Amino acid sequence: MIALALLLAQSAAVPAAVARGEQIFAQNCSVGYCHGVAGAAGRGPRLRGRSFSKDYLYNMTRDGIPSSAMPAWKDRLKDEDIRAVVEYVASLASATDPAPPVNPMPPGAGPAALPSFKGPAAAARGRELFFDPAHENCGVCHAVGGRGIAVGPDLTGKQQIALSDIESTRSRHVLMAKLKNEEEFCALPGERDENQVRLYDLTLAPPVLRSFARSEVTSLVPTPAWRHIDFVRDYSRTELEAIVVYLRWAATGK
Amino acid sequence: MNSSTIRPTVHSAKRFFVNLILVCCLSAADNTTQADWPHYGGQRSAWRYSALDQINRSNVDRLQAVWAFQTGKVDGGFNATPLVVDGVMYVASSWNRIFAINGETGKEIWHYFYQNPREIGIIYSPWTRGVAVGAGRVFTGTLDNYVVALDQKTGRELWRVNVEDMRQCGCNITGAPLIVKDKVVVGVTGGDSAHRGYLTAFDVATGRRAWRFWTIPGPGEKGHETWAGDSWKYGGGATWMTGSYDPELNLLYWGVGNAAADFYGEARKGTNLYTDSIIALDPDTGRLKWYYQEIPHDVWDFDAAFECVLLDAAVNGVARKLLLNVNKGGYTFVMDRTNGEFISAWPVAENINWIQGVDAKGNLVGRNEPPVGKTSLMCPSIGGGRQWNHGSYSPRTGWFYTTGIEWCEEVTVSPEDPKEGMNFFGAVFRLKPPLHGPAGGHLDAYDPVTGKKFWSYPSKYPLLASQLSTAGDLVFTGDPEGNFFALDARTGQKLWSFPTGSGHRGSPITYSVNGRQYVATPSGWGSALAGLMPQLWPETESFPPGSTLFVFALPAEAR
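One line per chain: the protein sequences are C and F, in this order. Quick note: the first sequence uses my numbering, first residue 5, plus one each step. Quick note: the second sequence uses my numbering, first residue 15, plus one each step.
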């Protein structure tokens, strides 16, 4: 009897993981036009009726496939849920019907995704302001924790940041670019390129990466003309304080 | 178009005279293309119609392939519309590869391969629908959500600017930009993401962001009240296709996509402006002049994002300036493009059960919303009563040529909470055969105002390539099996066909260099719909991908 109960418990445990995986798959992998219902194919490849090793499925789901539409799910799903999806997809290998029936999901069988932001309310407000797409926000020039465009310094891990930094009037990084046609603008160097000079034009918001033939740029020197404070005038002091709370929280978790 | 560059292509004085009149009278806002194919939709009226007639009904059967061009990336198919300016073709393929090609010889002049980040994980996939050319520049939008300006002569990058962090918005750019005066206007995807849609214009010279129009009004703006709670922050409204422009009215028209979550609407009660709407904007300021919402509170993923065809026709005996838009739900909406007044609506598919019809005022009658927590049959499927591939309007016949698809889906709707930058869909679905007749597609000729059908060309599979119509009274398009073919514009009879070896998902064009007319088409199977089709047609899974541009012309003795 005990052996039978153990056997039953084991056989029930595997379908439970598969069933969990099925729900997560439905809301994250079937959706839109990706892998289709129950892996029946969409703009992503068919998974139904195909054999993959579980290690392969796990690694690919966790890390994504570079230069492809397959994202890394390690930032979006808990590890145990990635493993449940792997169990489910592996279970599809023996499926033979090309158009499987749809299992209605019970209301409330919500996705198991990580919450997009786990910080305290004050930091959450700061984060919202930092990335607020309706404004010329901080995120068009700075990245934090893998979000935002790192034209200026990436602020991830900057635990010493203070309001005075945001309101600063100096920058060690900004240069004055002068062009042969006499145009001048405050700039940050863009990615290296042997054939041309690439400069972010900071007079524009969002900044524009401009490319020039070497002969077009006559000088590129540090400048006191650029002031960070001019770019945060959309925010009130209280809002800037909330942003500082967010940046410190992002760096320290406190 | 400068009339001095028009070459008579038919040795008939009468025909030449007719052409001259056509050119002279349309020159105020020339909606036909001549030697060039300067904009995504031909001209910015989106007619996809050329006044060239060297290739016509009498000689199209002698059309020959004159060159082919490989883009080298078959991933996602070849979805673009090539442009031609002064005999040079500009075309984009998957992963943002841009090429300038000699239109006569097929020889590459330059290429530009944009470096997308390796860890991209793009949820709207790697295809692109094209470029815009103007002000000495070639513009494109990228998979990681940048707008790039290249030097038209050399392909050298001049500037690039981020539209929004793609990880933040779950959006990117697959549509071709549109140039209006000194601005380049760019839409984004994101309609199936937790995302608030917008349309953005940049200064062509500098890349300076000139304006942004939010397709979902924010707090304090008119229309904000059509969204319950915080749903406006994540409500979709993508601008993923390319709009149109009327220079006389100085109005920019753009179609707006579905509301998100696509199928689960309980959390966004209200009409959800301006999703599933045509918006008319002042291109100088981005201000809204008028809008027309085709589907209030969409719970079927039926975009109004497809082409806005600007045509003039008589309505009840009165000449009107019209805008025609085929909705993904399978109904064509016709409106007055000066003010957005509803004119008519007519179906392009036979299997439609999400509504019973559209009344004389444009109201949807008999809405059939998929119930939450249950599975229901909806027609057409999410793939649409028509897909994004564009129709064509011929001023010679006065008809609009467009495709229709017969298919349904079983959709199971579930509640879903928005997660920033992530899919926000609210359902799973599988394709099902239609209620009536076999699953498949057709290409039809319609009266654009009344929807009266003049002929129908049936197809085993949905036709997913755009149409091109010409003054040679021809309609060109391609099919999923790889055939590129020409129909008689007046009868729908097939006159010529050429096997290109891979299915068609892009948009054919025609142009002329040194007096010779060419027809060009992308060939390359791929895209979301190509991926879904095996659910109904299993054999299509093995249809070969590709990414080749084929160009055809008549041999000298047939011209």
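For each residue, glycine too, the CB sits at the ideal point set by N, CA and C. Remember, predicted model here, so these are calculated numbers, not experimental data.
Rounded straight-line distance, which links the Cα of residue j to that of residue i
i        : j        : result
F:Lys474 : F:Gly398 : 16 Å
F:Phe30  : F:Glu571 : Confidence at F:Phe30 is low in this model, with a pLDDT of 44, below 50, so its placement is unreliable and the value that follows should be read with caution. Rounded to the nearest angstrom, the two C-alpha atoms are 20 Å apart.
C:Pro111 : F:Asp317 : Because the pLDDT at C:Pro111 is just 49, under 50, the model does not fix this residue reliably, and the value given afterwards should be weighed accordingly. When rounded, the distance between both Cα atoms is 26 Å.
C:Gly25  : F:Thr426 : 17 Å
F:Thr168 : F:Ile115 : 12 Å
F:Gly529 : F:Ala49  : 9 Å
F:Ile369 : F:Ala359 : 13 Å
C:Glu243 : C:Ala166 : 13 Å
C:Val155 : C:Tyr250 : 20 Å
C:Ser240 : F:Asn130 : 36 Å
C:Ala125 : C:Phe235 : 25 Å
C:Met74  : F:Phe356 : 42 Å
C:Ala23  : C:Tyr92  : 7 Å
F:Ala294 : F:Lys303 : 5 Å
F:Asn341 : C:Val89  : 36 Å
C:Arg227 : F:Met255 : Note that residue 227 of chain C is Thr in the sequence shown, not Arg. So the two alpha carbons sit approximately 43 Å from each other.
F:Lys388 : C:Arg50  : 25 Å
F:Glu553 : F:Phe227 : 43 Å
F:Leu40  : F:Arg301 : Because F:Leu40 sits at a pLDDT of 42, beneath the cut-off of 50, its placement in the model cannot be relied upon, and the following sentence gives the value as read from the coordinates. F:Leu40 and F:Arg301: Cα-Cα distance of roughly 28 Å.
F:Pro559 : F:Gly540 : 6 Å
F:Val175 : F:Arg573 : 46 Å
F:Phe590 : F:Gly86  : This structure cannot speak to residue 590 of chain F, because chain F is shown only from 15 to 573.
F:Ala208 : F:Lys508 : 45 Å
F:Leu501 : F:Val489 : 5 Å
F:Ala485 : F:Asp296 : 32 Å
F:Ala503 : F:Tyr460 : 11 Å
C:Ile69  : C:Lys78  : 12 Å
C:Asp158 : C:Glu187 : 29 Å
F:Asp165 : F:Glu171 : 6 Å
F:Leu213 : F:Gly354 : 19 Å
Supposed close pair residue i, residue j - CB separation, criterion 8 Å
i        : j        : result
F:Pro513 : F:Asn497 : 6 Å
F:Asn186 : F:Ile123 : That pair is no contact at about 27 Å.
F:Ser2   : F:Ser516 : This structure cannot settle anything about residue 2 of chain F, because the visible part of chain F is limited to 15 through 573.
F:Val348 : F:Pro462 : 7 Å
C:His139 : C:Asp59  : About 45 Å; that fails the 8 Å criterion.
F:Gly55  : F:Ser258 : 7 Å
F:Trp469 : F:Asp75  : Not quite, the Cβ-Cβ distance comes to about 19 Å (not below 8 Å), so this is no contact.
F:Ser483 : F:Ser406 : 4 Å
F:Gly155 : F:Gly189 : 7 Å
C:Ile28  : C:Leu81  : 7 Å
F:Tyr278 : F:Ser428 : 7 Å
C:Ser71  : F:Arg132 : 5 Å
F:Tyr104 : F:Ser408 : Not really, about 25 Å apart at Cβ, beyond 8 Å.
F:Gly376 : F:Pro361 : Not confirmed; about 14 Å, so no contact.
F:Leu6   : F:Asn403 : As shown, chain F starts at 15 and ends at 573. That puts residue 6 of chain F outside it, with no answer to give.
Paired residues, beta bridge with residue i - DSSP
i        : result
F:Thr154 : F:Val162
C:His39  : None; C:His39 has no bridge partner.
C:Cys190 : C:Met180
C:Asp205 : C:Ala191 and C:Val212
F:Thr562 : F:Gln84 and F:Ser537
F:Ser245 : Per DSSP, none; premise fails for F:Ser245.
F:Asp217 : F:Lys197
F:His53  : F:Gly56
F:Tyr460 : F:Phe414 and F:Lys467
C:Phe121 : The partner list for C:Phe121 (beta bridge, DSSP) is empty, contrary to what the question assumes.
Is the segment 386 to 397 of chain F in contact with the segment 359 to 377 of chain F, if contact means three or more CB pairs nearer than 8 Å? yes
(message) Using 8 Å as the cut-off, can you tell me whether the segment 214 to 223 of chain C makes contact with the segment 88 to 102 of chain C, which would need three or more C-beta pairs spanning the two stretches below that distance?
(response) no
| request: Answer yes if the segment 143 to 155 of chain F comes into contact with the segment 90 to 109 of chain F, meaning at least three C-beta pairs across the two stretches below 8 Å, and no otherwise. | output: yes
Measuring CB atoms only, is the segment 538 to 554 of chain F touching the segment 34 to 51 of chain C, in the sense that at least three cross pairs come out at less than 8 Å?
yes
request  = Could you tell me whether the segment 260 to 271 of chain F touches the segment 318 to 333 of chain F, where touching means 3 or more Cβ pairs closer than 8 Å?
outcome  = yes
Stretch-stretch touch, CB-based, cutoff 8 Å, three pairs: the segment 413 to 430 of chain F with the segment 439 to 455 of chain F
yes
task = Could you tell me whether the segment 190 to 210 of chain F touches the segment 173 to 181 of chain C, where touching means 3 or more Cβ pairs closer than 8 Å?
result = no
Unbroken beta strand (DSSP E) runs of length 3 or more, entirely within the segment 55 to 109 of chain F: which are they? 78 to 84, 97 to 99 and 102 to 107
- prompt: Three or more beta-carbon pairs under 8 Å between the segment 218 to 227 of chain F and the segment 149 to 161 of chain F, yes or no?
  reply: yes
Is there contact here, the segment 235 to 242 of chain F with the segment 280 to 298 of chain F, by at least three beta-carbon pairs under 8 Å? yes
message = So within the segment 34 to 101 of chain C, which uninterrupted beta strand (DSSP E) runs reach at least 3 residues, ignoring any that extend past its ends?
response = none
Completely contained beta strand (DSSP E) runs for the segment 407 to 456 of chain F, where each covers 3 or more residues | 413 to 420, 422 to 427 and 441 to 446
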